[in-house]
Amino acid sequence: MQGFSPTPRARPSNAAPARPSVHRRYLARRLTGAALLITLLLGAAALSVALGARSVGWAEIHAALTGQVQSVGDAAVASRLPRTLLALLAGAALGVAGGVMQGLTRNPLADPGLLGVNAGAALAVVIGIAWFNLQTSLGFIMSALTGASLSAVAVYVIASLGRGGATPLRLALAGAAITAALTSLTTAIILPRGDISGLVQSWLVGGVGGATYDQITPVVPFLAVGFIVSVACARKLNLLALGDDTAAGLGENVALARGMSALGAVLLCGATTAVCGPIGFVGLVVPHACRLLVGTDYRWLLPFSALGGAILLLLADVAGRLAAHPAELDAGIVTAFIGAPVFIWIVRRRKVGAL
Amino acid sequence: MNASSLQAEALTAGYGERRVLDNASVDIAPGQLTAIVGANACGKSTLLRVLSRLIAPASGRVLLDGSAIDGMAARKLARRIGFLPQSPMAPEGISVLELVSRGRHPHQGLFRRWSAADEAAVADALAATGLLALAERAVDELSGGQRQRVWIAMALAQQTNVLLLDEPTTFLDINHQIEVLDLLTELNHTRGTTVVMVLHELNLAARYADTLIAMAGGRVYAAGTPETVLTEATVREVFGLESRVIEDPVTGKPMMIPLGRHGGVGSATRSS
Numbered sequence: 001m002q003g004f005s006p007t008p009r010a011r012p013s014n015a016a017p018a019r020p021s022v023h024r025r026y027l028a029r030r031l032t033g034a035a036l037l038i039t040l041l042l043g044a045a046a047l048s049v050a051l052g053a054r055s056v057g058w059a060e061i062h063a064a065l066t067g068q069v070q071s072v073g074d075a076a077v078a079s080r081l082p083r084t085l086l087a088l089l090a091g092a093a094l095g096v097a098g099g100v101m102q103g104l105t106r107n108p109l110a111d112p113g114l115l116g117v118n119a120g121a122a123l124a125v126v127i128g129i130a131w132f133n134l135q136t137s138l139g140f141i142m143s144a145l146t147g148a149s150l151s152a153v154a155v156y157v158i159a160s161l162g163r164g165g166a167t168p169l170r171l172a173l174a175g176a177a178i179t180a181a182l183t184s185l186t187t188a189i190i191l192p193r194g195d196i197s198g199l200v201q202s203w204l205v206g207g208v209g210g211a212t213y214d215q216i217t218p219v220v221p222f223l224a225v226g227f228i229v230s231v232a233c234a235r236k237l238n239l240l241a242l243g244d245d246t247a248a249g250l251g252e253n254v255a256l257a258r259g260m261s262a263l264g265a266v267l268l269c270g271a272t273t274a275v276c277g278p279i280g281f282v283g284l285v286v287p288h289a290c291r292l293l294v295g296t297d298y299r300w301l302l303p304f305s306a307l308g309g310a311i312l313l314l315l316a317d318v319a320g321r322l323a324a325h326p327a328e329l330d331a332g333i334v335t336a337f338i339g340a341p342v343f344i345w346i347v348r349r350r351k352v353g354a355l
Numbered sequence: 001m002n003a004s005s006l007q008a009e010a011l012t013a014g015y016g017e018r019r020v021l022d023n024a025s026v027d028i029a030p031g032q033l034t035a036i037v038g039a040n041a042c043g044k045s046t047l048l049r050v051l052s053r054l055i056a057p058a059s060g061r062v063l064l065d066g067s068a069i070d071g072m073a074a075r076k077l078a079r080r081i082g083f084l085p086q087s088p089m090a091p092e093g094i095s096v097l098e099l100v101s102r103g104r105h106p107h108q109g110l111f112r113r114w115s116a117a118d119e120a121a122v123a124d125a126l127a128a129t130g131l132l133a134l135a136e137r138a139v140d141e142l143s144g145g146q147r148q149r150v151w152i153a154m155a156l157a158q159q160t161n162v163l164l165l166d167e168p169t170t171f172l173d174i175n176h177q178i179e180v181l182d183l184l185t186e187l188n189h190t191r192g193t194t195v196v197m198v199l200h201e202l203n204l205a206a207r208y209a210d211t212l213i214a215m216a217g218g219r220v221y222a223a224g225t226p227e228t229v230l231t232e233a234t235v236r237e238v239f240g241l242e243s244r245v246i247e248d249p250v251t252g253k254p255m256m257i258p259l260g261r262h263g264g265v266g267s268a269t270r271s272s
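Below, the structure is given as structure tokens:
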């Protein structure tokens, strides 16, 4: 950013000659990007409140926002508020979780869907519904988190077997294998259970429709801890990106860094999956798009991925409401539509493992 | 900056069942430029990794300025010993400046932000490696030799008294190999940094190093000045190769000429 260096007039006369500064050098560009994303986020949230199966006017929106629900239109808008909030939180969580996972596996294709995390969460929730009559939000969250952590640990242990430890490639392979196994198990549990298959199938598609504040409140603490842990790991991810040996040579405990960032990612996607069902591609696509904007520094990349993920999921949800009017398409289906071509683009563009 | 000494006492190490280092001891004096040479799988890289504490020895210990490194906090150790692996990875699109700045990691605490000292160390490292003009460029756009200079700059920004490098010249053209070794020699001379590197190329090792360590079968076969270590007998024992060792006409250091099975008279005479 040449344009950002201060003009000669603004610089004090006794200043040292301009030296490269990592912090100031990219700041202007990053702040511009952040302003852009925040604007987009506000726009997407506004669309999510204003648009839907039922057309509403300013009066209804105003009524719903001020809590004076009197007409059907007011109620329609009021029901979009928690849904908007959930799309925002879930999108942000998935965006950050995807960025963290790409960092800790050094795999550009990593995503909460890979590494078995979503599949583990889904299986645990399905088991809960099928065998333990699981109904409360907290029950969903706890079983999703348990499933997500167990499968993350299983993937890590399998990838660590043999010489050389859990390399990015082995993690990805073990994740794909575990995902396949857990997904078949989930299907096997649902198939004979006509009584629950409707409920489970709609949950398994992944979406934010029908969200209520009562569903959202219990996940907020888990998401909060997940965000804090993940962002605290940003510097560790910066070092892991240089390779395990270099990271260790710079004084980082590589195993601890991996474990801690995995914990952050598992909290974020486990909690999100519990409320929304498994939503794919947000975690994959968003960090890549944000890299184009802010570069490779995870201290910037993760907050940007949060904003980007929120925007993407909000827009996907709005698009789903409009595309199948007067019915609705789940956000999980829309993100898959957007995500698949981007996925192909990433594979074609990048040398795999070049993170 | 003060120079540091590094000693390894009776190191034994390996991966799983396979023992790679077998009772290896080395004594690296402060401010020396040391090259470790030996055939493939002789344990030279493993020795370097144990010296940098990347792997823990099964027995024996490593002393930095006389005190054992195994109990030292990771960041504290990383402020004193820098390690550059054979093939470090640069994230796609990262700039030279950003990569070199990451070398400051061990100097930053959880709440200690980027400081003037960090700024100065990075600028100094870029200047010493001749990279100031390339600071904004993406690392993956650079040539192999420039990229290796970037990694050395990162290690310099770390400001350690000891710098360990695993084959810093592999995959480089000969002109870039010389460029990297010249750079390391300058750092060694001007800053007194103790440099220990694994090198493949025997003649370059003999030309640049103050001390040669020749390893074979996980043990130190010989250690000392290039003149005492690089002999026809050492080459025979360590590499299983017949050779002639003559005086390098430029530097006066020993220079090894391999004989091979055909006594060095091969295709050149036959094809003419």
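Sequence lines, in order, name chains A and B. For the first sequence, full-length UniProt numbering begins at 1 and goes up steadily by one. For the second sequence, full-length UniProt numbering begins at 1 and goes up steadily by one. Each residue gets a CB set at the ideal place from its N, CA and C atoms; glycine is no exception.
Legend entry - Sufficient close CB pairs (3 or more, under 8 Å) joining the region 142 to 157 of chain B to the region 169 to 189 of chain B: yes
Inset, instruction - Grab me the residues of R291(A)'s own chain with a C-beta within less than 7 Å of its C-beta, minus the 5 sequence neighbours each way, in chain order. - result: L301
Legend entry - Coarse secondary structure for T187(A), derived from DSSP in three states: helix
Inset, instruction - Give the residues from the region 234 to 250 of chain A that approach chain B closer than 9 Å (Cβ to any Cβ), ordered along the chain. - result: R235, N238, L239, A241, L242, G243, D244, D245, T246, A247, A248, G249 and L250
Inset, instruction - Counting only the same chain and skipping the five closest in sequence on each side, list residues whose C-beta sits under 6 Å from that of G73(A). - result: V56 and E60
Legend entry - 3 or more residues per run - each beta strand (DSSP E) lying fully within the region 3 to 88 of chain B: 6 to 15, 18 to 28, 33 to 38, 59 to 64 and 81 to 84
Inset, instruction - May I ask which residues mark the beginning and end of the alpha helix (DSSP H) holding E179(B)? - result: I174 to R191
Legend entry - Boundaries of the beta strand (DSSP E) in which L164(B) is found, first to last residue: V162 to D166
Inset, instruction - Check whether the Cβ atoms of E242(B) and R236(B) lie closer than 8 Å to each other. - result: yes
Inset, instruction - Return no unless some Cβ of chain A is closer than 8 Å to the Cβ of M89(B). - result: yes
Inset, instruction - Compare the C-alpha of P258(B) against each of G252(B), P249(B), V62(B) and A233(B) and name the closest. - result: A233(B)
Legend entry - C-alpha distance - residue 364(A) paired with M260(A), whole-angstrom precision: Outside the displayed range of chain A (1 to 355) lies residue 364(A), so it cannot be described from this structure.
Legend entry - Chain-ordered chain A contacts of L77(B) [CB-CB under 8 Å]: G251
Inset, instruction - Give me whichever residues DSSP pairs with V49(A) in a beta bridge. - result: Bridge partners of V49(A): none, in fact.
Inset, instruction - Answer yes or no: does any C-beta atom of chain A fall closer than 8 Å to that of Q159(B)? - result: no
Inset, instruction - Closer than 7 Å by beta-carbon distance: list the chain A residues that pair up with R219(B), in chain order. - result: Result: empty, since nearest Cβ-Cβ is about 23 Å, beyond 7 Å.
Legend entry - Cβ neighbour criterion (16 or more within 10 Å) applied to P57(B): buried
Legend entry - Residue-chain proximity (D111(A), chain B), Cβ-Cβ < 8 Å: no
Inset, instruction - Specify the secondary structure class of L223(A) as computed by DSSP and reduced to three states. - result: helix
Inset, instruction - Please name the residue or residues paired with M215(B) in a DSSP beta bridge. - result: G38(B) and V220(B)
Inset, instruction - Apply the 10 Å Cβ neighbour rule to T169(B) and answer buried if 16 or more other Cβ atoms are within range, or exposed otherwise. - result: buried
Inset, instruction - Give me the Cα-Cα distance between L99(B) and D22(B), rounded to the nearest whole angstrom. - result: 36 Å
Inset, instruction - Would you list, in chain order, the members of the region 281 to 306 of chain A that have their beta-carbon closer than 8 Å to a beta-carbon of chain B? - result: R291, G295, T296 and D297
Inset, instruction - With a 10 Å radius around its C-beta and 16 neighbouring C-beta atoms as the bar for buried, classify M256(B) as buried or exposed. - result: buried
Inset, instruction - Just tell me which of I129(A), G207(A), L104(A) and L293(A) has its CA closest to the CA of G93(B). - result: L293(A)
Inset, instruction - May I ask which residues mark the beginning and end of the alpha helix (DSSP H) holding R244(B)? - result: Element bounds for R244(B): not the alpha helix (DSSP H) but the beta strand (DSSP E), S243 to E247.
Inset, instruction - For the alpha helix (DSSP H) holding T228(B), just list the boundary residues, first then last. - result: P226 to V229
Legend entry - Validate contact between the region 299 to 319 of chain A and the region 89 to 100 of chain A using beta carbons, cut 8 Å, 3 pairs: yes
Inset, instruction - Whole angstroms is fine: what's the gap from L51(A)'s alpha carbon to L138(A)'s? - result: 30 Å
Legend entry - Buried versus exposed call for K44(B) [16 or more other C-beta atoms within 10 Å across all chains shown]: buried
Legend entry - Closer than 8 Å to chain A by CB, S167(B): Per the sequence shown, the amino acid found at residue 167(B) is Glu instead of Ser. No, its Cβ sits nowhere closer than 8 Å to a Cβ of chain A.
Legend entry - Residue(s) in a DSSP beta bridge with A138(B): S95(B)
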